[in-house]
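Residue numbers (this note's numbering), protein chains in the order written: chain E, 476 to 865; chain Z, 4 to 66. Read through the structure below, which is laid out as structure tokens, and then see the notes.
As structure tokens, then:
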């Protein structure tokens, strides 16, 4: 009996145990690792249709919601102050609209010189310390962590605290560690939200908290979400991109040769790596789709890593091909909840990856890929450490 | 081809601006703004792609 989710055995491929889910059947009801049954969706058209369907809810407090998340995440996502991403419209839209202006293409263009400076300063420090090093702590994590903390107005001096707390919430050694980390980070963000340094949090406070449209608790939870989502995900994408490019030298050569190929290459990396493997939803009305009926109250799990390897959407989907048209991937989701920070993530990847390979031309892995310790299921996929040398 | 941006359903993902920057923009609130409602023949392919990639159905094509 197949179950979901399953542990990856290669950093850049979905679990080999998913083969049965890739026979072209776009969705099927299976038992999840937590014992619940849910519709696991691997078809591209069906995933997009369901993610855009108002009868599909992201609210974790709805009956039947497929809770394949760690306990601390469940606690945050079902709390009365739960962030907007785990709510439905109109509540979700109300908060999202407060944030959109911070992440427009124009704002991102204005941020590029600062991001570029962060990338080069980080590489300077890494080169000065010399090889070998752990790429995660030397590069992948500090770049997005510095960028998001500056954008939000979170003091970077506290980065060790908020990075550790975020990772403990998502992947704590024990539930107690995760619960403690959640309390610590909520406490930190609540204090910060009361008197924030200049930045996005201060702008939200002035525009929405001081006018009564948002409570300080809501602001703290929103800031916690943006901080966590802003560094953990991009860090993982940078690390896994480096592994994948180094393991595909002919693709890396093409990537290095022509800066014009970087944006399309990043879309292929996003598709291929799909670090957020599952998008969780529940039907709040009966939905007829692909010859089945999803009944109200039944869980829906969009298996993004399989959707992004669907043969009817991507030719030869398991082939890593930087030259392909991959922009229709669902690595950032789809529908009204599609990742708010996706263009920040793109800007960071567009700037960080070419600069790293340009300035560290001899970069190579210092450990075989099959010896890397991969992150467990139900968290952002990747590795916690990547030994490299040059 | 005639293109419209539905400002009510737009979620500000920016996919249209990313895909067809000569046809779409975002206003100061980040909501879709159509620069050319009648794209040139040479722009029609990227406008169609922008409509496909728009996550909220805000980019509407009338042909």
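Beta carbons: idealized from backbone N, C-alpha and C, even for Gly.
{"Item": "For residue 512 of chain E: DSSP bridge partner residues", "Value": "E/506"}
{"Item": "Nearest candidate by alpha-carbon position, reference residue 747 of chain E, set E/485, E/681 and E/860", "Value": "E/485"}
{"Item": "Inter-residue Cα distance where the pair is residue 840 of chain E and residue 54 of chain Z", "Value": "41 angstroms"}
{"Item": "Interfacial residues, the stretch 814–845 of chain E to chain Z, with Cβ spacing under 9 angstroms", "Value": "814, 815, 817, 818 and 821"}
{"Item": "Neighbour-count burial assignment, residue 477 of chain E, 16 or more Cβ in a 10 Å radius", "Value": "exposed"}
{"Item": "Cβ-Cβ separation, residue 594 of chain E to residue 561 of chain E (assumed contact under 8 angstroms), whole Å", "Value": "32 angstroms between Cβ atoms; not a contact."}
{"Item": "Minimum C-alpha distance to residue 536 of chain E - residue among E/498, E/772, E/502 and E/701", "Value": "E/772"}
{"Item": "Per-residue burial, residue 787 of chain E [other beta carbons within 10 Å of its own, 16 or more giving buried]", "Value": "exposed"}
{"Item": "Whole-angstrom distance between residue 740 of chain E and residue 802 of chain E, CA atom to CA atom", "Value": "10 angstroms"}
{"Item": "Residue 521 of chain E beta carbon less than 8 angstroms from that of residue 501 of chain E", "Value": "yes"}
{"Item": "Near-chain Z residues of the stretch 573–593 of chain E - C-beta to any C-beta below 9 angstroms", "Value": "574, 575, 576, 577, 578, 579, 580, 581, 582 and 583"}
{"Item": "Which of helix, strand or coil DSSP assigns to residue 489 of chain E", "Value": "coil"}
{"Item": "Buried or exposed by the 16-neighbour rule on C-beta atoms within 10 Å, applied to residue 495 of chain E", "Value": "exposed"}
{"Item": "DSSP three-state assignment for residue 774 of chain E, whether helix, strand or coil", "Value": "strand"}
{"Item": "Reduced DSSP category for residue 8 of chain Z - H, G, I as helix; E, B as strand; rest coil", "Value": "strand"}
{"Item": "Where residue 809 of chain E sits in the DSSP three-state scheme", "Value": "coil"}
{"Item": "Members of the stretch 41–66 of chain Z near chain E, C-beta cut-off 8 angstroms", "Value": "52, 55, 56, 58, 59 and 60"}
{"Item": "Near-chain C residues of the stretch 8–22 of chain Z (beta-carbon distance less than 7 angstroms), N- to C-terminal order", "Value": "No chain C appears in this structure, whose protein chains are E and Z."}
{"Item": "Beta-carbon neighbours of residue 809 of chain E, restricted to chain Z and to distances below 8 angstroms", "Value": "58"}
{"Item": "As assigned by DSSP and simplified to three states, the class of residue 738 of chain E", "Value": "helix"}
{"Item": "Within 7 angstroms of chain Z by C-beta, residues of the stretch 794–806 of chain E in sequence order", "Value": "802 and 803"}
{"Item": "Same chain, Cβ closer than 7 angstroms to residue 538 of chain E, neighbours up to 5 away in sequence not counted", "Value": "772"}
{"Item": "Beta carbon proximity, residue 67 of chain Z to chain E, threshold 8 angstroms", "Value": "It is not possible to answer for residue 67 of chain Z, since the shown part of chain Z is limited to 4 through 66."}
{"Item": "Contact list for the stretch 499–527 of chain E against chain Z, Cβ threshold 7 angstroms", "Value": "527"}
{"Item": "Residue from E/711, E/777 and E/820 with nearest C-alpha to residue 524 of chain E", "Value": "E/777"}
{"Item": "Short Cβ contact (8 angstroms threshold) for residue 627 of chain E with residue 580 of chain E", "Value": "no"}
{"Item": "For residue 527 of chain E and residue 769 of chain E, the rounded distance between their alpha carbons", "Value": "15 angstroms"}
{"Item": "Proximal residues to residue 15 of chain Z (C-beta, below 7 angstroms), its chain only, five neighbours per side dropped", "Value": "29, 33 and 34"}
{"Item": "Extent of the continuous beta strand (DSSP E) to which residue 28 of chain Z belongs", "Value": "27–29"}
{"Item": "Residue 491 of chain E classed as buried or exposed, judged by whether at least 16 other C-beta atoms fall within 10 angstroms", "Value": "exposed"}
{"Item": "With 16 other Cβ atoms within 10 Å as the buried cut-off, status of residue 783 of chain E", "Value": "buried"}
{"Item": "Alpha carbon of residue 57 of chain Z to alpha carbon of residue 622 of chain E, nearest angstrom", "Value": "26 angstroms"}
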